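Asker:
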Amino acid sequence: MTGARAQAAARRRQREHDILAATRELFDANGVRDAQIEDIARAVGVNRAIIYRHFTGKEELFALTLVGYLDELAAQLNAVAPVDGSVEDGAAAARLADLIGVFVDFGVAHPAFVDCAQALMRRTGPELLDEISEGAMFRLGRAIAGCLKELTTLLDEGQRRGEFREIDSALLANHMYASGLGALQLARVGMLVREAAPGVPEVVPLSPDQVRSFLVATARALAVR
């Protein structure tokens, strides 16, 4: 690559980085629904046409912003101590609770992460492939896989140790991720509805701690023998 082409590629990468950073900042400040392409362009100091030179559309911009959240979450999950080499009974189940706790804390701290992830999950696979470039889809898939790696590895280790039942670890990890996003939305709403009496609904408060306990109990029910 010539010097001029290398400089142009470096400028393009920096521009993409600036756009994604501005998108993340707007998401964190105002939420996903209120983020507009015009606001992102204004924050970077470009016109909206420049945004579309770097991204196929809003869905791809959302997907690559989600990559940043997922990479940050993966680093926090990776910091949870592994169970490899431990002979303590229940070590895998205890680490499972720790991983879920990290996930819940991250989702509560970054509600835009939940919104962004759910917005993309409302699309079918073919729809995403039509709306997002192959390169962006690869980056998104790699980020999701990296985020789920610790959980999948733990599920495999728990099975090896005889703590967890034999089950498709990848499928269970993906299920926990998807259902966890829904539970985090409940934590964000902060309430649930139940029937106080026949035909009489009742709204009761719901805390992040309750959601965390529920997700841990659910995960253990699915994984532990």
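Our numbering numbers the first residue of the sequence shown as -3 and each following residue consecutively. Even for Gly, the Cβ is constructed at its ideal location relative to N, Cα and C. These numbers come from a predicted model, not from an experiment.
1. Out of curiosity, what's the CA-to-CA distance linking residue 108 and residue 164?
2. Is there contact here, the stretch 181 to 200 with the stretch 123 to 131, by at least three beta-carbon pairs under 8 angstroms?
3. If you follow the beta strand (DSSP E) that residue 201 is part of, which residue opens it and which one closes it?
4. Run through DSSP, which three-state label would residue 29 get?
5. Tell me whether residue 155 counts as near the ligand FAD, meaning its Cβ is closer than 7 angstroms to at least one heavy atom of that ligand.
6. Assuming residue 146 and residue 155 form a contact by the criterion Cβ under 8 angstroms, report the distance between their Cβ atoms to the nearest whole angstrom.
7. What runs of the alpha helix (DSSP H), each 4 residues or longer, lie entirely inside the stretch 78 to 135?
8. Which partner residues of residue 172 appear in the DSSP bridge assignment?
9. Please go through the same chain and pick out, in chain order, the residues whose beta-carbon is closer than 6 angstroms to the beta-carbon of residue 51, but skip the five residues on each side of it.
10. By alpha-carbon positions, which one of 62, 10 and 92 ends up nearest to residue 113?
11. In chain order, what residues of the same chain have a beta carbon less than 7 angstroms from the beta carbon of residue 23, not counting five sequence neighbours either side?
12. Quick check: the stretch 97 to 105 against the stretch 204 to 215, are there 3 or more CB pairs under 8 angstroms?
13. Do residue 44 and residue 34 count as a contact pair if the criterion is CB distance below 8 angstroms?
14. Just the Cα atoms here: how many angstroms apart are residue 71 and residue 96?
15. Let me check one thing: in DSSP terms, what residues is residue 63 bridge-paired to?
16. Starting from the C-beta of residue 139, find all residues in its chain whose C-beta is less than 8 angstroms away, skip the five residues before and the five after it, and write them out in chain order.
17. When we look at the beta-carbon of residue 5 and count the other beta-carbons within 10 Å, is it buried (16 or more) or exposed?
Answerer: Taking the definition as stated:
1. 30 angstroms
2. no
3. 196 to 201
4. coil
5. The ligand FAD is absent from the structure shown, which contains no ligand whatsoever.
6. Cβ atoms of residue 146 and residue 155 stay farther apart than 8 angstroms, at about 15 angstroms.
7. 87 to 105, 107 to 117 and 121 to 127
8. Paired residue(s): none; residue 172 is not in a bridge.
9. 57
10. 62
11. 31, 61, 108 and 112
12. yes
13. Between residue 34 and residue 44, the C-beta spacing is below 8 angstroms.
14. 14 angstroms
15. In the DSSP assignment, no residue is bridged to residue 63.
16. 62, 63, 66, 67 and 70
17. exposed
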